[in-house]
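Okay, so here's the structure we're looking at.
In this note's numbering, the protein residues as written are 1381 to 1594.
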């Protein structure tokens, strides 16, 4: 038998804090944006853990990330991944103002499977944030992008997310009961257990329906 989940988290926190200290030292020595990006990601993970009382991502750190992105005219994979992974830390007004430009940056690499997977992740994260903020007009555009990006069967997980979010949007705007069970069962049959748990948590967070014990 493994360790109980809470105890595992308690053990992991000191390891992550030590890793964060190393990253901060490397950034202080090199001023390399790569280390700042990792610092932001590490803090974003740590603050979501119970019993963590350390530093949150600071406005100064986010400003440095934004300053770096603003000075790079043609984004590559690193910049696109950085923006995607920091989405939840940006303000909604900033995201809404910039997301069409970010989509254009992604679409420059539409023939690259690596960039397409990153684009799908960006779209899924953006859709989820739009639902949380009740910005449903933006959901429509993002769903269209996600449908287009997942036309190839290689991206079936992305297409399943599209189905789940499409039904969720129709349920919310049409005011009828949401049923994501078919999509969730498909994820389960394909062996995507982490995705199943993620979708159940999304359903609970957005609709207040706790089915995580299923």
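All C-beta atoms, glycine included, are put in the ideal place defined by N, C-alpha and C.
Nearest to residue 1479 by C-alpha distance, out of 1489, 1490 and 1467, is 1467.
One alpha carbon belongs to residue 1550, the other to residue 1395, and they sit about 43 Å apart.
By alpha-carbon distance to residue 1435, the top candidate from 1443, 1426 and 1442 is 1426. Taking each of 1422, 1545, 1560 and 1409 in turn and checking the Cα distance to residue 1438, the smallest one comes out for 1422. Assigned with DSSP and collapsed to three states, residue 1492 falls in coil, not helix or strand. A distance below 6 Å between beta-carbons, with the five flanking residues on each side excluded, links residue 1564 to the following residues of its chain, in chain order: 1576 and 1579. Boundaries of the alpha helix (DSSP H) harbouring residue 1458: 1457–1465, taken from the DSSP string. Only residues of its own chain outside the window of five on either side were considered, and among them 1515 and 1518 have a CB closer than 8 Å to the CB of residue 1476, listed in chain order.
Around residue 1493, the same chain offers 1534 as residues with beta carbons nearer than 8 Å, after the five sequence neighbours per side are excluded. If you look at residue 1480, you'll find it in the alpha helix (DSSP H) that goes 1472–1487. From the listed residues 1547, 1400, 1484 and 1558, the smallest Cα separation to residue 1529 is found for 1484.
Of all alpha-carbon atoms in 1568, 1457, 1521 and 1557, the one lying nearest the alpha-carbon of residue 1542 is that of 1521. Annotation for residue 1414: the continuous alpha helix (DSSP H) segment containing it runs 1413–1426.
Secondary structure of residue 1514 (DSSP, three-state): coil. When secondary structure is reduced to three states using DSSP, residue 1433 falls in the coil class, being assigned neither helix nor strand. In this model, residue 1491 and residue 1405 are separated by some 38 Å (Cα to Cα). Annotation: residue 1559 is outside any alpha helix (DSSP H) and is labelled neither H nor E by DSSP. In this model, residue 1500 and residue 1586 are separated by some 21 Å (Cα to Cα).
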